[in-house]
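Asker: Heads up, our numbering is the position in the sequence shown plus 185, with the first residue counted as 1. Don't be surprised by glycine CBs; every beta carbon is placed ideally from N, CA and C.
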Amino acid sequence: MHADPINLLGLDAPALTQLVGQWGGKPFRARQLQRWVHQRGVSQFDEMTDLAREFRAQLGQHCVVQAPTVLTQQRSTDGTRKWLFDVGQGNAIESVFIPEDDRGTLCISSQAGCNVGCRFCSTGHQGFNRNLTTAEIIGQLWFAKNVLMQDAGSARLEAAGNVQVGNAPAGHALASPDPRAISNVVMMGMGEPLLNYEPVLAAVRLMLDDNAYGLSRRRVTVSTSGVVPMMDRLSQDCPVALAVSLHAPNDALRDQLVPLNKKYPLVELLAACERYLEFAPRDFITFEYVMLDGVNDTDQHARELIQIARRVRCKLNLIPFNPFPGSGLLRSPANRIRAFSQQLMDAGIVTTVRKTRGDDIDAACGQLAGEVKDRTRLREKLTMKTSIPIKEIRP
Ligand code: SAH
Ligand code: SF4
Numbered sequence: 186m187h188a189d190p191i192n193l194l195g196l197d198a199p200a201l202t203q204l205v206g207q208w209g210g211k212p213f214r215a216r217q218l219q220r221w222v223h224q225r226g227v228s229q230f231d232e233m234t235d236l237a238r239e240f241r242a243q244l245g246q247h248c249v250v251q252a253p254t255v256l257t258q259q260r261s262t263d264g265t266r267k268w269l270f271d272v273g274q275g276n277a278i279e280s281v282f283i284p285e286d287d288r289g290t291l292c293i294s295s296q297a298g299c300n301v302g303c304r305f306c307s308t309g310h311q312g313f314n315r316n317l318t319t320a321e322i323i324g325q326l327w328f329a330k331n332v333l334m335q336d337a338g339s340a341r342l343e344a345a346g347n348v349q350v351g352n353a354p355a356g357h358a359l360a361s362p363d364p365r366a367i368s369n370v371v372m373m374g375m376g377e378p379l380l381n382y383e384p385v386l387a388a389v390r391l392m393l394d395d396n397a398y399g400l401s402r403r404r405v406t407v408s409t410s411g412v413v414p415m416m417d418r419l420s421q422d423c424p425v426a427l428a429v430s431l432h433a434p435n436d437a438l439r440d441q442l443v444p445l446n447k448k449y450p451l452v453e454l455l456a457a458c459e460r461y462l463e464f465a466p467r468d469f470i471t472f473e474y475v476m477l478d479g480v481n482d483t484d485q486h487a488r489e490l491i492q493i494a495r496r497v498r499c500k501l502n503l504i505p506f507n508p509f510p511g512s513g514l515l516r517s518p519a520n521r522i523r524a525f526s527q528q529l530m531d532a533g534i535v536t537t538v539r540k541t542r543g544d545d546i547d548a549a550c551g552q553l554a555g556e557v558k559d560r561t562r563l564r565e566k567l568t569m570k571t572s573i574p575i576k577e578i579r580p
């Protein structure tokens, strides 16, 4: 085997077709392989029974299917799940699965750390470590999907009165998969996706690919702090749903909260949103607005925000601030959030307030810090908090 095997999780359809083509394989072989890897979650080539033996041998020699190693998994009392993945050199990233009645949303990370440095974000406080590869981004989805499929499989077996089989091959669902378990993916974990453009783009294409995850463009959301040129590129390369982290209704305040605003001020950001809408799969942009006590939550801020929201077709998502140690900020009180959202709704702006989920496992927005620098401390902390024992998991 080569020193560095190719991780198939990192190859989108054209790249995989090219690889298979190098060995004389037809494009449909690449599609078959893609389905084994992404739809069925199989990582062992000898289990891909409808592929020719020589092809499997070639794959075994040159390739692997490998998600980042999972360090911990936690489950909240409300069903939210969080995974902490090791991405090497003391870096970790996190993914969160949020089940709801009508959908299941997986929130994934695009970078280890982030260098945008927003005041209210614990990832930002951590600083930038490195970009994730496509395999590491897709690996979060691949892994979570497999775990959820296995759980659904065992639940069905248990419901049918069967004892769970313990010898199912690695990477297999135990029973027929429920492909709707993850219906939505949002890039709202750690990192700024549009500052890691190419790997994120390849990952998004795989999410949409019918031979991989088959998600609709409306159900894959890229969230950005406002990297204007990359918003334009995304609109051309692969328009998916877009969320823009606004957080302030004027430049003076936004400069302080989201430092990237100094480079791409509101007038440019809003113009980019309008351009994006010409290509977007939804006819609105989601503006995210974190509610910070006494900072951006007054009646005057709401009035300014209304002016902005009237310029761009949008929905506003108010996020109660999730505090973390050392932030020096507080969450707006519930009655202030209510009054603020009412003021927006009275002006005809579609406004929602995000429910905080997974509070007991620090799984809420902005709390994903991926701290593993001190694993001992992390493990102690998790042991105290989790309902699930810490273990190494490999599907
Ligand atoms: N970098 C991208 C995506 C990751 S952050 C972005 O900024 O959009 C995802 C969302 O979580 C953003 O809207 C971000 O502003 C919000 N967020 C960050 N820290 C938060 C906190 N402490 N409380 C609530 N929301 C937070
Ligand atoms: Fe980075 Fe987004 Fe956090 Fe800002 S809010 S520091 S852009 S991850």
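Y382 lies in the beta strand (DSSP E); which residues open and close that run?
Answerer: For the purposes of this step, residue 382 is taken as residue 197 along the sequence shown, with counting starting at 1. It is not in any beta strand (DSSP E) - Y382 instead sits in the alpha helix (DSSP H) that spans Y382 to L393.
Asker: Does DSSP classify F270 as helix, strand or coil?
Answerer: Residue 270 sits at position 85 when you count from the first residue of the sequence shown. It is a strand residue.
Asker: Under 8 Å, with one C-beta from each stretch per pair, do the segment 514-524 and the segment 488-498 reach the 3-pair mark?
Answerer: No: fewer than three Cβ pairs fall under 8 Å.
Asker: Beta strand (DSSP E) containing R260: first to last residue?
Answerer: The residue you call residue 260 lines up with position 75 of the sequence shown. Element bounds for R260: T254 to R260.
Asker: G302: beta carbon under 7 Å from a heavy atom of ligand 2?
Answerer: One-based indexing of the sequence shown puts residue 302 at position 117. True, at least one ligand heavy atom lies under 7 Å from that Cβ.
Asker: Which same chain residues end up closer than 8 Å to V301 when comparing Cβ atoms and leaving out the 5 residues on each side of it in sequence?
Answerer: For the purposes of this step, residue 301 is identified with residue 116 of the sequence shown, where counting begins at 1. Correct list, in chain order: G309, E377, L380, S410, V443, P444 and L445.
Asker: Could you give the residue range of the alpha helix (DSSP H) that holds F240?
Answerer: If you number the sequence shown from 1, residue 240 lands on position 55. First-last of the alpha helix (DSSP H) with F240: R238 to H247.
Asker: Tell me the residue span of the alpha helix (DSSP H) that contains N446.
Answerer: Stepping through the sequence shown from its first residue, residue 446 is reached at position 261. Counting along the chain, N446 falls outside any alpha helix (DSSP H), and DSSP gives it neither H nor E.
Asker: Quick check on I191: does DSSP put it in helix, strand or coil?
Answerer: Stepping through the sequence shown from its first residue, residue 191 is reached at position 6. In the structure shown, I191 sits in a strand (DSSP, three-state: E or B).
Asker: Between the Cα of G273 and those of W221, L317 and Q335, spot the shortest distance and give me the residue it belongs to.
Answerer: Within the sequence shown, residue 273 is the residue found at index 88, counting from 1. Of the candidates W221, L317 and Q335, the one whose C-alpha sits nearest the C-alpha of G273 is L317.
Asker: Closer than 8 Å by C-beta to P190: which residues in its own chain qualify, once you throw out the five before and the five after it? Chain order, please.
Answerer: Along the sequence shown, one-based indexing puts residue 190 at 5. Cβ within range, chain order: H247, C248 and V249.
Asker: What separation, rounded to the nearest whole angstrom, lies between the Cα atoms of H432 and T406?
Answerer: For the purposes of this step, residue 432 is taken as the residue at position 247 of the sequence shown. For the purposes of this step, residue 406 is taken as the residue at position 221 of the sequence shown. Approximately 18 Å, taken between the alpha carbons.
Asker: Express the C-alpha separation of P450 and C499 in angstroms, rounding to a whole number.
Answerer: Position 314 of the sequence shown, counted from the first residue, corresponds to residue 499. Position 265 of the sequence shown, counted from the first residue, corresponds to residue 450. Rounded to the nearest angstrom, the two C-alpha atoms are 18 Å apart.
Asker: Applying the criterion that 16 or more other CB atoms from any shown protein chain within 10 Å of the CB defines a buried residue, is N394 buried or exposed?
Answerer: Along the sequence shown, read from residue 1 onward, the residue named residue 394 stands at position 209. Reading off the sequence shown, one finds Asp at residue 394, where the question assumed Asn. D394 comes out buried.
Asker: Going by C-alpha distance, which of L256, F213, E459 and L194 is nearest R496?
Answerer: On the sequence shown, residue 496 is found 311 positions in, with the first residue counted as 1. When each option's Cα is compared against that of R496, the closest is E459.
Asker: By DSSP's criteria, I283 is part of a beta bridge. Which residues make up the other side?
Answerer: As a working mapping, residue 283 is identified with position 98 in the sequence shown. I283 pairs with T290.
Asker: Where do the N-terminal and C-terminal ends of the alpha helix (DSSP H) with P199 fall, by residue?
Answerer: Along the sequence shown, read from residue 1 onward, the residue named residue 199 stands at position 14. Element bounds for P199: A198 to Q207.
Asker: Would you mind reading off the limits of the alpha helix (DSSP H) that contains E489?
Answerer: Residue mapping note: residue 489 aligns to position 304 of the sequence shown, counting from 1. D484 to R496 is the extent of the alpha helix (DSSP H) around E489.
Asker: With the cut-off set at 8 Å, would you say C292 and V385 are in Cβ contact?
Answerer: In the sequence shown, the residue the question calls residue 292 occupies position 107. In the sequence shown, the residue the question calls residue 385 occupies position 200. Cβ atoms of C292 and V385: not closer than 8 Å.
Asker: Does the beta-carbon of R288 have 16 or more other beta-carbons within 10 angstroms, so that it is buried, or is it exposed?
Answerer: Here residue 288 refers to the residue found at position 103 of the sequence shown. R288 comes out exposed.
Asker: Please name the residue in E232, T541, R521 and F506 whose C-alpha comes closest to that of S307.
Answerer: Walking along the sequence shown from the start, residue 307 turns up at place 122. When only C-alpha atoms are compared, the closest one is F506.
Asker: With burial defined as no fewer than 16 other Cβ atoms inside 10 Å of the residue's Cβ, what is the status of Q219: buried or exposed?
Answerer: By 1-based counting over the sequence shown, the position of residue 219 is 34. By the 10 Å Cβ count, Q219 comes out buried.
Asker: Could you round the C-beta distance between G245 and F230 to whole angstroms and report it? I think they count as a contact, below 8 Å.
Answerer: Position 60 of the sequence shown holds residue 245. Position 45 of the sequence shown holds residue 230. The Cβ separation is near 5 Å, so the contact holds.
Asker: Given a threshold of 16 other Cβ atoms within 10 Å of its Cβ, counted over all protein chains shown, does M530 qualify as buried or as exposed?
Answerer: On the sequence shown, residue 530 is found 345 positions in, with the first residue counted as 1. So M530 counts as exposed.
Asker: Sort E285, Q243 and F270 by Cα distance to I278 and report the nearest one.
Answerer: For the purposes of this step, residue 278 is identified with residue 93 of the sequence shown, where counting begins at 1. The shortest Cα separation from I278 among E285, Q243 and F270 belongs to F270.
Asker: If you draw a straight line from the C-alpha of I470 to the C-alpha of M415, how long is it?
Answerer: Indexing the sequence shown from 1 puts residue 470 at position 285. Indexing the sequence shown from 1 puts residue 415 at position 230. Cα-Cα distance, rounded: 15 Å.
Asker: So Q229 is in the alpha helix (DSSP H); what residue range does that whole segment cover?
Answerer: As a first step, residue 229 must be located in the sequence shown, where it is residue number 44. Note, Q229: premise wrong, no alpha helix (DSSP H); not H, not E.
Asker: Drop a sphere of 10 angstroms on the beta-carbon of K447, count the other beta-carbons inside from all chains shown, and report buried for 16 or more, exposed for fewer.
Answerer: Working through the sequence shown from its first residue, we reach residue 447 at position 262. That one is exposed.
Asker: N481 lies in the alpha helix (DSSP H); which residues open and close that run?
Answerer: Along the sequence shown, one-based indexing puts residue 481 at 296. Careful: N481 lies outside any alpha helix (DSSP H) and carries neither H nor E.
Asker: Just the Cα atoms here: how many angstroms apart are A198 and R216?
Answerer: Working through the sequence shown from its first residue, we reach residue 198 at position 13. Working through the sequence shown from its first residue, we reach residue 216 at position 31. Cα to Cα, the separation comes out at about 8 Å.
Asker: Is it true that the CB of R539 sits closer than 8 Å to the CB of N502?
Answerer: As a first step, residue 502 is located in the sequence shown; it is residue number 317 there, counting from the start. As a first step, residue 539 is located in the sequence shown; it is residue number 354 there, counting from the start. Contact flag set, yes.
Asker: Please list the terminal residues of the continuous beta strand (DSSP E) segment that includes R315.
Answerer: Position 130 of the sequence shown, counted from the start, is the residue given in the question as residue 315. Here the beta strand (DSSP E) through R315 covers F313 to N316.
Asker: Using a Cβ-Cβ cut-off of 6 Å (strictly less than) and excluding sequence neighbours within five positions of N192, which residues of its own chain qualify?
Answerer: Numbered from its first residue, the sequence shown carries residue 192 at position 7. The answer, listed in chain order, is V249, Q251 and A320.
Asker: If you drop the 5 nearest sequence neighbours on each side, which residues of the same chain put their C-beta closer than 6 Å to that of I323?
Answerer: The residue you call residue 323 lines up with position 138 of the sequence shown. Cβ within range, chain order: L194, A388 and L391.
Asker: Taking the beta strand (DSSP E) that A428 falls in, what are its first and last residues?
Answerer: Position 243 of the sequence shown, counted from the first residue, corresponds to residue 428. A426 to S430 is the span of the beta strand (DSSP E), which, as asked, contains A428.
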